[in-house]
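Residue numbers (my numbering): 99 to 164.
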């Protein structure tokens with residue numbers, strides 16, 4: 099559970115901004131999105147391989163630029 103304490107004279111916009119940052123960093127939304135649908139293990143592995151290949155290609159192209 100994410101929560102913040104609001105100061106006596108604190109602006110509500112600043113408090114809301116702090117809450118949003120804390121909420122985002124906690125990873126609750128990411129976990130929720132991950133659990134909303136089921137991926138078969140074979141599809142999950144395939145997606146991980148594709149992501150790894152993209153990362154490798156991206157780092158390779160960045161190394162050649164400099």
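Just so you know, even glycine gets a beta-carbon here, dropped at the ideal spot from N, CA and C. No experiment lies behind these values; they were computed from the predicted model shown.
Residue 117 and residue 102: beta carbons closer than 8 Å? yes
Using the three-state DSSP reduction, which class does residue 102 fall into: helix, strand or coil? coil
First and last residue of the alpha helix (DSSP H) that includes residue 127? 126-133
Using the C-alpha atoms, what's the distance from residue 163 back to residue 125? 34 Å
On the three-state DSSP scale, how would you describe residue 138? Residue state, collapsed to three classes: coil.
Look up residue 108 in the DSSP assignment and say whether it is helix, strand or coil. coil
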